[in-house]
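I have placed the structure first, in the form of structure tokens, so that the comments after it can refer back to it.
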Amino acid sequence: MTGGARGGRRLLALCLAGASVAWPGGAGAQQAGALPAARAAVPGDSARAGVRGDTTRRRPVAAPGDTGRKAELVQWEPTDSVMDALIARKGFHVTRYQGNRVLFDATRRDLRLSGRPAAVNRVRTLLVGDTVTYNDSTQMVFARGDTVKLRDPDANNEDVVARGGLRYDISEGRGVAEGLETKVDNKGSKWVVFGHQAALVAREDTTVTDTLERKKQVFYASGGTITSCQDTTPHYHFSAGEMKVVSGGMMVARPAVLYIADIPVAWFPFIFQDMRQGRRSGMLVPRFGFSELVRNSSTYQRMVENLGYYFALSDYMDATVAMDYRSGTRPPAGGYGFTRVNGEWRYRWLSRFMTGGIGLGYLRQTDDATTLNAHWNHQQSFSQTSNLNVNVNYVSNTTVQRNTTINPTATLASIRSDANYTRRVGPLSLAIGGSQSQYPGRSQVDRTFPSLSISSEPIALASWLTWTPGFSLRSQQTLALDLAGEFGYRYRTTPTGTIDSVKVRQNTTDLAMGFQTPLKIGNWDLRLGFDFSDRALDYPQSRRIVNVRDTSIKETRIFARTFRSDLDWNLGFALPSIAQGSWNIAPSVSLQNVAPGAYLVRTELSGGSWVAQGKKLVYGLGMSPTFFALYNGFGPVGRIRHALQPVLSYSYAPAADVADDYLAATGNTRVGYLGSLAQSALSLQLNQNFEAKIRTAGDTGEGRKVRLLSINLSPFSYNFEQLKEVRRIRAAAGKPAPSWTAGLTTQNVSANFASELLPNFSLSVQWSLFQGSVISDTAVFEPVPETIQAGLQLDRNSPIIGMFRRLLGLKAADTATTRGAADASTAGRPPGYTPSLAAGTSPIGGAIRPQQFEIPSGQGWRLSLSFSSTKTRTPVGGNVKKLDPTVVCLPLRTLDTRLYDNCLLDPSSQAPLNPQQNTTNGGVVFVTPAVTNIQFQYSFNLTPKWAAQWSSSYDVEKNLFASQVISLQRDMHDWRATFAFTASPNGNASFSFFISLKAEPEIKFDYNRSTLANPTGR
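Be aware that the sequence shown starts at 33, since it is given in this note's numbering, and climbs by one per residue.
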């Protein structure tokens, strides 16, 4: 029966008259804040929001799969004209009722609705049950039935379900219910709260200005459960004796027992959940494992991290202060403990387009060694054409920082700082900045400041004249080199007559400046540029000085400081192209230096005086055609196309002379010098691509193209005049004629290979072609591979794996299923999360968090391989030193024995001086030991729920593993368990076991045990 009956109309008027009485608010889903944790709340899982609820004991009010509009609880009968007129009256709140039977007791003023089911709706609040009784005098409403549902959008976003009955006092805003259930929104993730005996209290929060947000509902329960699993039978739940839930406020339960299925596994004195929106000040969640409570070794050093407080200072800034502690009581031999204090202040003003943060960290070991770490990150946009980006990191003691680091990658990662300011003014673009790098365990600092670049768009000075200027300035410094040079120590006699050694402080400075002013005159290009460079090596070096014309006259000098300054200018014409689009022929004329090197040079060998060489005209002709060839395919390949792109150029220049003082200033001699010969040279660069067109069913047009192989060969040059000169010299000396290779003028050549059949596959090989310099007649053609680098990534969706599957008749991998499973496994992680151990940009922080070892489940197996090999060619002559690792690492022996031992295992970490760091010829040439490394990462699924990952770095030359990261993960629907082991190059190691709730990772159980290597080597 509805309000369409006559008695119903009188009753509706009665309800309108009592409209000033407040109706109870619902205890629906409350928007929750995160637990007071150091990490952000987990985003919601939109896929799980629509999972069908429990159809027997706990049935969600919303329809299955409904994540937006809620299902209708009642179908209202259409109203007549009288009802519409009453509802349309202004100044009244409408109470609407409906049921199969309506009984009104005028004496007791009771309104009893039953059947259909019965429903009462006042404004936006709706109550539905089998039987609903409302008393106008006592302002009491009582609903009974198998399922009673209350929906009040003003107080909650979720429905409240009572299994039995619901009694509510409208005037007092209080009520009691049996078997009450609702949902709580914890910033996206849904928590299902159930109470056997529950009470509701409606209240207003006077601190909130929004009238819709002021309405709060407090929910009390005795004997209830809490879970985030919305399956029919929850996989886990918390059973609590008492609970209190404030909509949009908090949730507290005590005591609480965690059940996995129906098995109790853990007891908590209380659990607390802050569900308020926005940021709130509060304590951080400390990180410690079970081993910190119960240790199984008397020498185990307990460690507690993230013990601190979070301050929400304003809408624009916040701050965090935390402390990490590692016990130094009864450590193993040579061990130590430490105390670390971290502080961070973050700011974000969107209206000012500014964001960033400042962090400070101070660590003191029990042996009184300390380090101060600082971090500043700042981004600001002053306008659409002006931006500032700053990322500053500083560590006062890199040895302590390295010794206390467990992350295998961070032990070798550089501590880098960058600052850049960019601005665009008209056609000009300005970029100025600098950078600095520190290295764990080393005193060396690499600094670049300033770095200035001014570029321009083409400026039309006239209809036939275009100018594109550019300017660059770059200054680099390397301070406190901890390298093994010729003279690592300076020895002096003390007043007592003993010999004392002082480590030589080694610094280098490099300055480079260039100004380019190209002009385009019609179809002619005029290239004009000026370059200046200056290098200073501020440490002692020896030089073997050979007479320019008589190589038998030699002497060795030691310079306290060496330097070289170069000043050069270049001029060239590029004539209009011929056969554009086919042969692409381009003639050119340029004015180049006679010999390799700058036009003006000054060095320590010239006594600081400038010396010059001449210029000569060079005539060139180049072409860059592209040739194609088509081949028939086979199997799934329809056609194969071969593209050959040669870049061929010829240059001619007459012979010229180089002054003796210029040769002497650069450390060269006249005897056997080929740098000033006439030039009749060919240069060739070759690029090749092999592409395949894959057949598809019903393919009548363009099919899918796959790059089978790409080969790029770097340019190499051949000078016919040089071949003639070498033959003449050898004939005059009575030696056999040289081979054709004597005309090659390229010292090094490289080749790059890539293919789409193997994802991210790359192979790069660089060869040193000659023993000796190509500008000397004594150079011997002996190709030696100096650098080999290769990389490869494979998974079950790789094309080559799919091809083998088809050849073997196996079913192809379901790419959509694989990606969907991987996405679902990472749905509970914060944005920007990456399951890797890559070192962060900031040195502020503690140890590795167990979450870093998580493996995306459902992705199948995945293999990443990288190979690198570096081998320096050993020059001939008496001024060559092969570096002994004990000599390279000698400066570390007095600083840190452990770093010294690690350096012996990897001497390349202490990069020695190389020929490129010498200013002139005649210096000592250092030859480093060969280094060959293999790095790999392999992840796979043992079962649909078990996943494993192994990352390692292997030194082939020494047959040793440098680092190890092994993790094993179990996905348990609502929980995730991770076992991890790490071994770092610095000797530190850790083992951890971590199990956490996906909906709230701070609800966890973990075991962490880390071991810091002995820093003294005893």
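Quick reminder that beta carbons are idealized off the backbone N, C-alpha and C, glycines included.
So, at 6 Å on beta carbons, what are the nonlocal neighbours of S983 in its own chain, with the 5 sequence-adjacent residues on each side left out? Q969, V997
Since S1042 and M335 are thought to touch, with beta carbons under 8 Å apart, how far apart are those beta carbons, to the nearest angstrom? 7 Å
Closest by C-alpha distance to L801, when choosing among E814, V626, D809, T810: E814
Just how far apart, CA to CA, sit D827 and F1023? 28 Å
What number of angstroms, rounded off, separates the C-alpha of F343 from the C-alpha of T352? 6 Å
Quick check on this structure: which residue in Y986, G1019, V956 has the alpha carbon closest to the alpha carbon of T594? V956
From which residue to which residue does the alpha helix (DSSP H) around V432 run? 430-435
Spatial neighbours of V816 within its chain, please: C-beta separation below 7 Å, excluding the five flanking residues on both sides. W799, S800, R905
Just tell me which of S415, N374, S383, T431 has its CA closest to the CA of H407. N374
So which of S418, V422, G369, T387 has the shortest CA-CA distance to T437? G369
Less than 6 Å between C-beta atoms, sequence neighbours within five positions excluded: which residues of the same chain meet that for A627? Q645, V690, G707, S708
Between the alpha carbons of E144 and F136, how many angstroms are there, rounded? First, the residue type needs correcting, since residue 144 is Arg and not Glu in the sequence shown. The straight-line gap from Cα to Cα measures roughly 6 Å.
Between which two residues does the beta strand (DSSP E) holding F660 run? F660 -> beta strand (DSSP E) spans 659-664.
By Cβ distance below 6 Å, which residues in the same chain neighbour G561 in space, the five residues on each side in sequence not counted? Q548, N602
Enumerate in chain order the residues of its own chain whose CB-to-CB distance from P907 is below 6 Å, with the five nearest sequence positions on each side excluded. Closer than 6 Å at Cβ, skipping near neighbours: V957.
Relative to the alpha-carbon of G273, which residue among C261, V225, V250 has its alpha-carbon at the smallest distance? V225
Beta-bridge pairing of M655 - partner residues as DSSP gives them: Residue pairing from DSSP places M655 in a beta bridge opposite I617, L680.
From which residue to which residue does the alpha helix (DSSP H) around K181 run? Careful: K181 lies outside any alpha helix (DSSP H), inside the beta strand (DSSP E) at 172-183.
Terminal residues of the continuous alpha helix (DSSP H) containing L442? It should be noted that the sequence gives Ala, not Leu, for residue 442. Taken as a continuous stretch (DSSP letters only), A442 belongs to no alpha helix (DSSP H), as it is neither H nor E.
Using 10 angstroms around the beta-carbon of A234, count the other beta-carbons present and answer buried if the total reaches 16, otherwise exposed. buried
So, helix, strand or coil for S900, using DSSP? In this structure, S900 counts as strand in the three-state DSSP scheme.
Using only the alpha-carbon positions, how far apart do R195 and R183 sit? 15 Å
Go through its chain and collect everything with a Cβ distance to D692's Cβ below 8 Å, but skip five positions before and after it. V580, R581, R702
Any chain D beta carbon closer than 8 Å to S715: Of the protein chains in this structure there is only one, and it is not chain D.
Reference E636, options W615, Q573, G613, closest by Cα: Q573
Among V963, D168, S896, S279, whose alpha-carbon lies nearest the alpha-carbon of N991? The candidate whose alpha carbon is nearest that of N991 is V963.
Residues in its own chain within less than 8 Å of Q411 by CB, not counting five upstream and five downstream? Contacts found: M386, T387, G388, N419, L420, N421, V422.
P686 to V534 span [Cα, whole Å]: 54 Å
In this structure, does DSSP put I531 in helix, strand or coil? In this structure, I531 counts as strand in the three-state DSSP scheme.
Measuring alpha carbon to alpha carbon, tell me which of Y471, L505, I590 ends up nearest I464. L505
Check the C-beta distance from F1011 over to L1029 and give it rounded, since I have them as a contact under 8 Å. About 17 Å; that fails the 8 Å criterion.
Q171 and S203: beta carbons closer than 8 Å? yes
Take the Cβ of T99 as the centre, count every other Cβ of all protein chains shown within 10 Å, and call the residue buried at 16 or more, exposed below. Reliability of the predicted coordinates at T99 is poor, the pLDDT of 40 falling under 50, and no value is obtained from them.
Hey, out of L345, A120, F564, whose CA is closest to R378's CA? L345
How would you write the range of the alpha helix (DSSP H) that R759 sits in, first residue to last? 752-764
Endpoints, the beta strand (DSSP E) within which S113 is located: Looking at the DSSP string, S113 is not in any beta strand (DSSP E); the run it does join, the alpha helix (DSSP H), is 113-119.
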